[in-house]
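Residue numbers (the numbering used here): 35 to 318. Down below is the structure, laid out as structure tokens.
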Amino acid sequence: MIGISPKRTQWIAFGLCWAAAIVAIAAMIIIIAYVFIKGLGVIDWNFLSSDPKGGLGADSGGIRTSIAGTLWTVVLTLGMAAPVGIGAGIYMAEYARDNWFTAAIRWVIETLAGIPSILFGLFGFALFVMALSLRMSILAGSLTLACLVLPTIIRTTEEAVKAVPRSFREASYALGATKWQTIRHVVLASAMPGIVTAVILALGRIVGETACLYVTMGGSGLNFPDSPFDPGRTLSLDVLYRLFEANDARAAFGAGVMLIITILIINGLTRWISNRWMARMHGR
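As structure tokens, this is what we get:
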């Protein structure tokens, strides 16, 4: 049997990678285009500025409440999970000793990252809704989501920090910098793209999650949320309720369009803030 030359093997590997990328991008474009075609005609000022309606009527109302609930949830969840997750990831990569205890912690974190979200919902319902008497509210849902995304932020941040070459640290120490100065000005600056990726992954999970919020946030609430202690619904929950409670698939596609637009806007703002922060660290 005649073997394949290394050059041809490389071209085959490149071809398979390109084919996989094209299939993934094409599938994403088709899904987004389909949602926009079905839902774009629903979106007008009344749809954006009115509250949803309950029941099985033909008109399920607007998404003003859902937009507010999504913003509340994103801000609260990231405000709680991002600092803790990034800090824990930095500690695991830079300070924690490499022993059996640290290995056990990493195993637990990886296991938590793979647990179905509905189990986090049951945990959040038992702890935040019942034990802490927060009732079904945006705060209870955000606390549950913070527990859900913490493992992803911790592990992704840790891997991003570990990927920074050791020579960067040694050069900083040679110039007289302390360990914290090295981490702050050298390691974090180099690891920032990976840390931003961790935040964006968590953000996508927050905005798109439904199962754990269904039992902690009280998504069927139709009134505009004035505080985190009020019940509410996110845009993803709004899509669910419009399909199964209001029986309004057309409005569900409209909410889906706004969900995609919201994700794009928040991701863009996250990257813009990250680029500004990196430029400031590098003195540009």
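Cβ atoms here follow ideal geometry from the backbone N, Cα and C, with glycine treated the same way.
### Query
With a CB to CB cut of under 8 Å and the five nearest residues on each side skipped, what residues in its chain are close to I46?
Excluding its 5 nearest sequence neighbours in each direction, I46 has C-beta neighbours in its own chain below 8 Å: I38, listed in chain order.
### Query
For P117, does the three-state DSSP call read helix, strand or coil?
helix
### Query
How should C17 be labelled, buried or exposed, when 16 other C-beta atoms within 10 angstroms of its C-beta is the threshold for buried?
For residue 17 there is no data in the structure shown, the boundaries of the chain being 35 and 318.
### Query
Just reading off the alpha helix (DSSP H) that G175 is part of, what are its end residues?
I172 to K196
### Query
Since G95 sits in a beta bridge, which residues does DSSP pair it with?
P86
### Query
Below 9 Å between beta carbons: does that hold for I120 and I187?
Here I120 is near I187, since their CB atoms are less than 9 Å apart.
### Query
Does the Cβ-Cβ distance between A344 and V195 come in under 9 Å?
No answer is possible for residue 344: it lies beyond the span of the chain, which begins at 35 and ends at 318.
### Task
Give the C-beta separation of L274 and T244 to the nearest angstrom, bearing in mind that I take them to be a contact with Cβ-Cβ under 8 Å.
5 Å
### Query
Where do the ends of the alpha helix (DSSP H) carrying F135 lie?
W134 to A147
### Query
V249 and F70: beta carbons closer than 9 Å?
Their beta carbons are not under 9 Å apart, which means V249 does not touch F70 by this criterion.
### Task
Note the first and the last residue of the continuous alpha helix (DSSP H) segment covering L63.
Correcting the residue identity first, residue 63 is Ile in this sequence and not Leu. Here the alpha helix (DSSP H) through I63 covers P40 to G73.
### Separation of V233 from S201, as counted between CA atoms
27 Å
### Query
Would a C-beta distance cut-off of 9 Å place T104 and L209 closer than the cut-off?
no
### Task
For G210, name the three-state secondary structure that DSSP assigns.
DSSP, reduced to helix, strand and coil, places G210 outside both helices and strands of the structure shown, so it counts as coil.
### Message
Which of the three DSSP states is assigned to N309 in this structure?
### Response
In the structure shown, N309 sits in a helix (DSSP, three-state: H, G or I).
### Task
Let me know the secondary structure DSSP gives R169 once reduced to three states.
Note: R169 maps to coil in three-state DSSP.
### Query
Can you name, in chain order, every residue of its own chain whose Cβ lies under 7 Å from the Cβ of S151, other than the five neighbours on each side?
L182, E243, A245 and C246
### Query
At which residue ranges does the stretch 209-273 contain complete alpha helix (DSSP H) runs of 4 or more residues, listed in the order of the chain?
213-216, 222-242 and 245-248
### Query
By Cβ distance below 8 Å, which residues in the same chain neighbour I77 in space, the five residues on each side in sequence not counted?
G288, V291 and M292
### Message
Which residue wins for smallest C-alpha separation from L271, given the options I64, A102, A67 and S83?
### Response
A102
### I240 versus A223 - alpha carbon distance
26 Å
### Task
Verify whether the separation of the beta carbon atoms of R98 and L74 is less than 9 Å.
No; because the gap between Cβ atoms is not below 9 Å, this pair is not in contact.
#### Entry: Rounded separation between T145 and A122 - CA only
16 Å
### Query
When the Cα of P227 is compared with those of A53, M312, G175 and T212, which residue comes out closest?
M312
#### Entry: Whole-angstrom distance between I139 and M251, CA atom to CA atom
30 Å
### Query
Cα-Cα, which of N281, Y125, D282 and G148 is closest to K213?
Residue Y125 is the option with its Cα nearest to K213.
### Message
Distance check for R169 and G175, CA to CA, integer angstroms please.
### Response
10 Å
### Query
Relative to the C-alpha of V109, which residue among L303, F278 and T191 is closest?
L303
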